[in-house]
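To start, the structure itself, in structure tokens.
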Amino acid sequence: MVLKQQTAEVFQEALNFYYEQKFVVAQKVFQNILQINPDDRVAMLYFKRSRKYRSNVRIPGGVVWGRNFDGEIGRILHALLSLKDACTKFKI
């Protein structure tokens, strides 16, 4: 219980990142918590969820797709994401 109290403030920050869908940062903060308290089951749950969701892409309309696409739709979505990344990089 002492370790849980010790990491409570940082845990809240990690939750904020998680609910802002900043999954990479959230995962790192949850990982830091787990280094201090490896038995924190709630931090482990959110760590695993952050790891799972960090590679997801939100497409307009609220649909969430993982980066591992299958079939023709997957190839099309992957091409669109690559194009979007290139446009962002070159400020088009």
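Numbering (the working numbering), first residue to last: 6 to 97. Glycine residues also receive a C-beta, built at the ideal position from the N, C-alpha and C atoms.
query: Would you report the Cα separation of Val-34 and Lys-94, rounded to the nearest angstrom?
result: 28 Å
Buried versus exposed call for Ala-84 [16 or more other C-beta atoms within 10 Å across all chains shown]: Exposed: under 16 other Cβ atoms inside 10 Å.
query: In chain order, what residues of the same chain have a beta carbon less than 6 Å from the beta carbon of Tyr-58, not counting five sequence neighbours either side?
result: Answer for Tyr-58: Phe-28, listed in chain order.
query: When the Cα of Val-47 is compared with those of Glu-25, Phe-22, Lys-9 and Val-30, which residue comes out closest?
result: Lys-9
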